[in-house]
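Enquirer: Numbering (the numbering used here), first residue to last: 862 to 1127. Ideal Cβ positions, reconstructed from N, Cα and C, are used throughout, including at glycine. Just so you know, these numbers come straight off a predicted model, no measurement behind them.
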Amino acid sequence: MTKEERHNLILETLIRHESIPVSSLSLLLDVSAVTIRKDLTELESANKLYRSHGKAVLINPYINNRSILEKEKLARKEKELIGREAASMITQDDSIIIASGSTVLAFARCIKPIHRLTVISASLKVSEYLGTNENIEVIQLGGTLRHSSLSVVGKHAEAPLSEFCCSKLFIGVDGIDLDFGLTTTDIREADLNKVMMRTVQKTIVLADSSKFRRRGFSKIANITDIDTIITDSNIPPTISQAIEDLGIELKIIDIKNTAPGIDSQI
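So, in structure tokens, the structure goes:
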């Protein structure tokens, strides 16, 4: 395992548990405590965590605005499996909206339509990927470029949506808190997401389990405003039960027993 891979695993583990002892990280990654301490020192210098009494601690209970290139490195398996499940929900001759973020980009890579599909996209990377498929008509929203996510935001991105009616919105979030709702780190993205939700019949949230119990800066919607959440099997049981009790469809992907390499064929 490379140092970069160790750092990514340390951050993924920390996001789920908020703090973790050096000894536990040493066992998890099968390296010495000395190596773990060096890793933590580097990550602390990069302002990604801080060390306290022999353990690593999440630097902030709130979500920081990170680039999509950095986010793509986190929870890759979970995002791929969530993306496959989301792709299976697309129907023949469907029209959908895809928001922005690393999880919806993983979803876009799972879309292999054999019939016509219309996609309205806020993400430049999603549009670039889907644009190579002649069965997919891509409508790229305009607007102000948000550099961290390589997606568009602002009134010029929002305005065209009033002219459309789509079946589904596939949206990624930075945080899901049962009390506060769905959040992102950017107020302009939250505003665009709200308009997207008014344009569709169903809102589907794609979020790996690390996104729960977290809050971004700007609220998108209450959790009861959405229809479906697709996540992985590391979601805490208390949270999954609470979501189902609210009447929200919850699709939990078993990340241990799902076979790799299966592309969705719509």
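Give me whichever residues DSSP pairs with A917 in a beta bridge.
Expert: Working through the sequence shown from its first residue, we reach residue 917 at position 56. A917 pairs with I881 and R912.
Enquirer: Taking only the alpha-carbon atoms, compute the straight-line gap between S956 and I972 and give it to the nearest angstrom.
Expert: On the sequence shown, residue 956 is found 95 positions in, with the first residue counted as 1. On the sequence shown, residue 972 is found 111 positions in, with the first residue counted as 1. If I take the Cα positions, the gap works out to 13 Å.
Enquirer: With a CB to CB cut of under 6 Å and the five nearest residues on each side skipped, what residues in its chain are close to C1026?
Expert: Stepping through the sequence shown from its first residue, residue 1026 is reached at position 165. Taken in chain order, the list of residues that qualify is empty.
Enquirer: With distance defined between alpha-carbon atoms, name the residue in T1044, G1077 and T1099 nearest to I1087.
Expert: As a position in the sequence shown, residue 1087 is number 226, starting the count at 1. Closest option to I1087, Cα to Cα, is T1044.
Enquirer: Determine the direct distance from the alpha carbon of R912 to that of P1097, and round the result to whole angstroms.
Expert: Along the sequence shown, read from residue 1 onward, the residue named residue 1097 stands at position 236. Along the sequence shown, read from residue 1 onward, the residue named residue 912 stands at position 51. Approximately 25 Å, taken between the alpha carbons.
Enquirer: List, from N- to C-terminal side, the alpha helix (DSSP H) runs of 4 residues or more that fit wholly inside the segment 959-989.
Expert: 963-969, all fully within the segment 959-989.
Enquirer: Can you name the start and end residues of the beta strand (DSSP E) that V999 belongs to?
Expert: The sequence position of residue 999 within the sequence shown is 138, counting from 1. Note, V999: beta strand (DSSP E), I997 to Q1001.
Enquirer: With burial defined as no fewer than 16 other Cβ atoms inside 10 Å of the residue's Cβ, what is the status of I1123: buried or exposed?
Expert: The residue you call residue 1123 lines up with position 262 of the sequence shown. Residue placement at I1123 cannot be trusted, given a pLDDT of 41 that sits under 50; what the coordinates show is reported in the next sentence. By the 10 Å Cβ count, I1123 comes out exposed.
Enquirer: Given 8 Å as the limit, is there contact between the segment 1049-1056 and the segment 1065-1076, that is, 3 or more CB pairs closer than that?
Expert: The segment 1049-1056 is not in contact with the segment 1065-1076.
Enquirer: Between H1017 and L889, what straight-line distance do the alpha-carbon atoms span, to the nearest angstrom?
Expert: Walking along the sequence shown from the start, residue 1017 turns up at place 156. Walking along the sequence shown from the start, residue 889 turns up at place 28. So the two alpha carbons sit approximately 47 Å from each other.
Enquirer: Between K1112 and V1061, is the Cβ-Cβ spacing less than 7 Å?
Expert: Mapped onto the sequence shown, residue 1112 falls at position 251. Mapped onto the sequence shown, residue 1061 falls at position 200. No, the pair does not count as a contact, with Cβ atoms beyond the cut-off.
Enquirer: Name, in chain order, the residues that DSSP records as bridge partners for A1082.
Expert: For the purposes of this step, residue 1082 is identified with residue 221 of the sequence shown, where counting begins at 1. Answer is L1043.
Enquirer: Between the beta-carbon of I959 and the beta-carbon of V987, is there less than 7 Å?
Expert: Sequence index remark: in the sequence shown, residue 959 carries index 98 (1-based). Sequence index remark: in the sequence shown, residue 987 carries index 126 (1-based). Yes, the pair counts as a contact, with Cβ atoms nearer than the cut-off.
Enquirer: Counting only the same chain and skipping the five closest in sequence on each side, list residues whose C-beta sits under 8 Å from that of E873.
Expert: Mapped onto the sequence shown, residue 873 falls at position 12. So the list reads L935, A936 and S1071, once near-sequence residues are dropped.
Enquirer: Where does the unbroken beta strand (DSSP E) through I1032 begin, and where does it stop?
Expert: Along the sequence shown, read from residue 1 onward, the residue named residue 1032 stands at position 171. Taken as a continuous stretch (DSSP letters only), the beta strand (DSSP E) holding I1032 covers C1027 to G1033.
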